[in-house]
Amino acid sequence: GAGVSQSPSNKVTEKGKDVELRCDPISGHTALYWYRQSLGQGLEFLIYFQGNSAPDKSGLPSDRFSAERTGGSVSTLTIQRTQQEDSAVYLCASSQPGALRDTQYFGPGTRLTVL
Amino acid sequence: QQQVKQSPQSLIVQKGGISIINCAYENTAFDYFPWYQQFPGKGPALLIAIRPDVSEKKEGRFTISFNKSAKQFSLHIMDSQPGDSATYFCAASKKGYSGAGSYQLTFGKGTKLSVIP
Chain A
1 GAGVSQSPSN
11 KVTEKGKDVE
21 LRCDPISGHT
31 ALYWYRQSLG
41 QGLEFLIYFQ
51 GNSAPDKSGL
61 PSDRFSAERT
71 GGSVSTLTIQ
81 RTQQEDSAVY
91 LCASSQPGAL
101 RDTQYFGPGT
111 RLTVL
Chain B
1 QQQVKQSPQS
11 LIVQKGGISI
21 INCAYENTAF
31 DYFPWYQQFP
41 GKGPALLIAI
51 RPDVSEKKEG
61 RFTISFNKSA
71 KQFSLHIMDS
81 QPGDSATYFC
91 AASKKGYSGA
101 GSYQLTFGKG
111 TKLSVIP
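Protein chains in written order, with this note's numbering: chain A, 1 to 115; chain B, 1 to 117.
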């Protein structure tokens, strides 16, 4: 596709509910990253996928957070039993190993608000 | 532990002036230093990046200066324009993770730049 897309663009949920956030990376990009952007913490790394595998989950803040990637393409970030501190913008980025392998292209993000 | 420190938090520059944003890092394993530009409601977009084997990189009005010994790097925006008003993030990454190629970015906290006419 033309760029990284994410859905929904906005999500409002009640504390304790589960949410799923979706990322469609740039076609052909094998690497996919999730980041969280919040006012107090800036941009923080959450998880990295290479293909369908997640060799680096070191940024996930708790076991309420999980992610998967299928077909080497679409990824879903799931937050269970949401808390107010989960409110943030969740950003997805993809990249393609090669000469410009470090260039990560970001989607527009999903703004999550937990009431 | 904040691995990449960015300053200032906000910056106001007159049109045509030079905007300078500074970053300092702690981890000597970092080997790639990009700058991202973010407009409200949008994701960050890569502006310019540098590796530690060079001390300066210039692309149009944007220049990165890199000081490896001081573990500092900075972004200079020459002839700043109102359209440059955005939030700028410095970042750093290091060689992947067990050969699996994770180049996760560690970001500074951002600088909100306002260029006034």
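Using N, Cα and C, we set each Cβ at its ideal position, and we do this for glycine too.
It should be emphasised that the depicted structure is a prediction, and the values quoted were computed from it without experimental measurement.
Report task. State yes or no: is the C-beta of residue 26/A within less than 8 Å of the C-beta of residue 3/A? Result -> yes
Query - Spatially closest choice to residue 5/B from 116/B, 21/B, 29/B, by CA coordinates - result: With distances taken between Cα atoms, residue 5/B lies closest to 21/B.
**Report entry** Nearest neighbour of residue 63/B, chosen from 83/B, 9/B, 53/B, 77/B [CA to CA]
**Finding:** 77/B
**Report entry** Alpha-carbon spacing of residue 69/B relative to residue 28/B, whole angstroms
**Finding:** 10 Å
Query raised in the report: Would residue 79/A pass as a contact of residue 64/A if the rule is Cβ separation under 8 Å?
Result: Closer than 8 Å, so yes.
Report task. Name, please, each residue of chain B whose Cβ falls closer than 8 Å to the Cβ of residue 70/A. Result -> Those within 8 Å of residue 70/A in chain B number zero; the least Cβ separation is about 19 Å.
Query raised in the report: Given residue 45/B, which residues of its chain have a CB within under 6 Å of its CB, disregarding the five upstream and five downstream residues?
Result: When the five nearest sequence neighbours on each side are left out, the beta carbons in the same chain lying within less than 6 Å of the beta carbon of residue 45/B are those of 37, in order along the chain.
Query - Beta-carbon proximity check, residue 12/B vs residue 74/B, cutoff 8 Å - result: For residue 12/B and residue 74/B, no; Cβs fall outside 8 Å.
Requested in this report: Kindly indicate if chain B contains any beta-carbon less than 8 Å away from that of residue 65/A.
Outcome: no
Query raised in the report: Using a beta-carbon distance below 8 Å, is residue 90/A in contact with chain B?
Result: no
**Report entry** Three-state secondary structure assigned by DSSP to residue 33/B
**Finding:** strand
Query raised in the report: Per DSSP, what kind of secondary structure is residue 68/A in: helix, strand or coil?
Result: strand
Query - For residue 83/A and residue 60/A, the rounded distance between their alpha carbons - result: 14 Å
Query raised in the report: Along chain A, in chain order, which residues have C-beta atoms closer than 7 Å to that of residue 42/B?
Result: 108
**Report entry** residue 44/A versus residue 7/A - alpha carbon distance
**Finding:** 19 Å
Query - Beta carbon proximity, residue 104/A to chain B, threshold 8 Å - result: Cβ-Cβ to chain B under 8 Å: yes for residue 104/A.
Report task. Alpha carbon to alpha carbon, how far is residue 54/B from residue 86/B? Give it in angstroms, no decimals. Result -> 27 Å
Query raised in the report: Along the region 40-55 of chain A, what residues have a CB closer than 7 Å to any CB found in chain B?
Result: 42, 43, 45, 48, 50, 55
Query raised in the report: Tell me which same chain residues have a C-beta within less than 6 Å of the C-beta of residue 80/B, skipping the five on either side of it?
Result: For residue 80/B, where only same-chain residues beyond five positions count, the Cβ hits under 6 Å are 13, 17, 19, 115.
Query raised in the report: Between which two residues does the beta strand (DSSP E) carrying residue 17/B extend?
Result: No beta strand (DSSP E) holds residue 17/B; DSSP gives it neither H nor E.
Report task. Determine whether the Cβ of residue 29/B lies closer than 8 Å to any Cβ atom of chain A. Result -> no
Requested in this report: Starting from the beta carbon of residue 5/B, find every residue of chain A whose beta carbon is closer than 8 Å, and list them in chain order.
Outcome: Near residue 5/B there are no residues of chain A at all, since even the closest Cβ is about 11 Å away, more than 8 Å.
Requested in this report: Check the DSSP bridge columns for residue 81/B and list the partner residues they point to.
Outcome: In DSSP, residue 81/B forms no bridge with anything.
Report task. Would you tell me roughly how many angstroms separate the C-alpha atoms of residue 59/B and residue 52/B, rounded to the nearest one? Result -> 17 Å
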